[in-house]
Amino acid sequence: MNAVLEEKVSIIEAVPGKIGAEVIGWDVRDFTKDSPEMETLRQLIYRNKVVVIRDQHDLDEQQYVDFAHAIGRPQVYFQQNYHHPDYPEIFVSNNLNEDGKKFGVSGTGRYWHTDCSFEKHPLSFTMVRPLIFPKSARETSYIDMARVYRELSDELRAYVDGARAVQEAWPRYKVQECDIDRSITELIENFKAECPPMSHPAIIQHPVTGEEILYISSGFTSKLEGLSFEENERVMQALFEFIEQPKFIHTHFWEEGDLLIWDNRSLIHKGSKAKAGEVSRMYRIGVYDNLPFYVGIEP
Ligand SMILES: [Fe+2]
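In my numbering, the protein residues as written are 12 to 310.
This is the structure:
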């Protein structure tokens with residue numbers, strides 16, 4: 012770990028080959044678009060892939076949204092049932108309803124995925140700020156897909172190099188109140204019409220670091236174009252088994268006040284599963300950095 016101390020700010024970056032930086036001493040409520048810290052933060056994210064800014068205890072919803080506008084362009088997620096009632100930029104993962112009213116969606120992201128890979132322009136950064144931690148689950152796990160690609164066998168490389176992978180969100184669709192009395196087939200067809208399958212290169216090149224990244228995940232990637240059903244099943248299973256090895260997994264153990272920001276081009280991630288009945292609430296904001304998502308696609 013390389014520690015840089017500037018006044019009361021401590022920045023600890025990952026050693027080469029690893030991911031994860033920690034910042035202590037920043038108050039993101041003070042940051043604007045033009046703050047020198049914003050460029051420092053962006054570069055920390057690109058270099059370390061996931062950055063935790065500690066002790067952001069007093070950040071309220073408006074300040075969180077303001078911070079998102081300062082670092083880039085916040086996403087408004089296409090499904091309204093995920094929105095915070097007053098701040099549509101905030102995607103709410105929550106199983107605690109207020110005044111008997113549903114507030115966000117519970118149990119999100121408990122599978123390996125990268126946010127919005129099923130869209131033409133996926134998120135550059137994802138920020139997460141937990142408000143209520145479930146007692147049994149205080150961690151989020153990450154895999155650096157540039158490292159996975161570097162270590163991939165020649166046999167599997169032959170399948171992904173130059174290939175396109177199909178990303179599909181419909182298997183993860185969360186049933187809503189308005190879906191009562193509609194068939195599963197109708198729900199799937201309607202959702203596919205709203206969010207059709209999207210293909211991206213299986214290997215993308217990062218526009219800042221230049222790294223080549225294996226851009227697939229067991230959560231959203233259904234197939235490699237051009238393979239037969241049987242061959243695709245075999246290859247996808249082999250790829251996911253290789254990717255999800257314990258040696259690749261980096262786990263963030265949450266502390267009160269943490270604000271986490273990660274590079275959604277480079278990492279896949281997975282939320283941990285709380286025990287039934289435990290309360291949790293988390294606010295996510297997706298951010299576009301206004302660079303092409305990968306080399307060769309328009310911004
Ligand atoms: Fe996610």
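Quick reminder that beta carbons are idealized off the backbone N, C-alpha and C, glycines included.
Report buried or exposed for Val20, applying the criterion of at least 16 other Cβ atoms within 10 angstroms of its Cβ. exposed
Is any non-hydrogen atom of ligand 1 found closer than 7 Å to the C-beta of Asp126, if you look at the structure I gave you? yes
Apart from the five residues just before and just after Ser283, which ones in its own chain have a Cβ nearer than 6 Å to its Cβ? Result list for Ser283: Ala148, Glu150, in chain order.
So what does DSSP say about Leu163, is it helix, strand or coil? The answer is coil: DSSP assigns Leu163 none of H, G, I, E or B.
Just checking my contact of Cys189 with Gly297 at CB under 8 Å: how many whole Å lie between their CB atoms? Contact doesn't hold; Cβ gap of about 24 Å is too wide.
Backbone CA spacing between Gly268 and Ile143 [nearest angstrom]: For Gly268 and Ile143, the distance between alpha carbons rounds to 11 Å.
Span of the alpha helix (DSSP H) around Leu52: 47-59
Against chain B, does Asp274 count as a neighbour if the rule is that its beta carbon must be under 8 Å from one of theirs? In the displayed structure, chain B is absent; only one protein chain is listed.
Under a three-way DSSP split, which group does Lys112 fall into? It is a strand residue.
Rounded to whole angstroms, what is the Cα-Cα separation between Ile23 and Ile35? Per the coordinates, the alpha-carbon of Ile23 lies some 9 Å from the alpha-carbon of Ile35.
Which residue or residues does DSSP assign as beta-bridge partners of Asn105? Arg292
Check whether the Cβ of Thr43 sits closer than 7 Å to any heavy atom of ligand 1, and report yes or no. no
When DSSP labels each residue in this structure, what does Gln216 get in the three-state scheme? Gln216 sits in a strand when the DSSP states are folded into three classes.
By how many angstroms is the C-alpha of Phe202 removed from the C-alpha of Val219? 34 Å
Delimiting residues of the alpha helix (DSSP H) encompassing Val76: For Val76, the uninterrupted alpha helix (DSSP H) segment begins and ends at 72-82.
Alpha carbon to alpha carbon, how far is Phe129 from Arg245? 22 Å
Give the C-beta separation of Ile56 and Val62 to the nearest angstrom, bearing in mind that I take them to be a contact with Cβ-Cβ under 8 Å. 5 Å
Under DSSP, the alpha helix (DSSP H) around Val246 begins and ends at which residues? 240-254 is the span of the alpha helix (DSSP H), which, as asked, contains Val246.
For Gln74, collect the residues of the same chain with a Cβ closer than 6 Å to its Cβ; drop the 5 residues on either side in sequence, then sort them by chain order. The residues are Arg40.
Could you have a look at Pro141 and say whether DSSP puts it in helix, strand or coil? If DSSP states are grouped into helix, strand and coil, Pro141 belongs with the strands.
DSSP has Trp273 in a bridge; who is on the other side? Beta-bridge pairing links Trp273 to Val61, Thr137.
Is it the case that the Cβ atoms of Leu235 and Ala174 are separated by a distance below 8 Å? For Leu235 and Ala174, yes; Cβs fall inside 8 Å.
Alpha-carbon spacing of Glu162 relative to Lys258, whole angstroms: 11 Å
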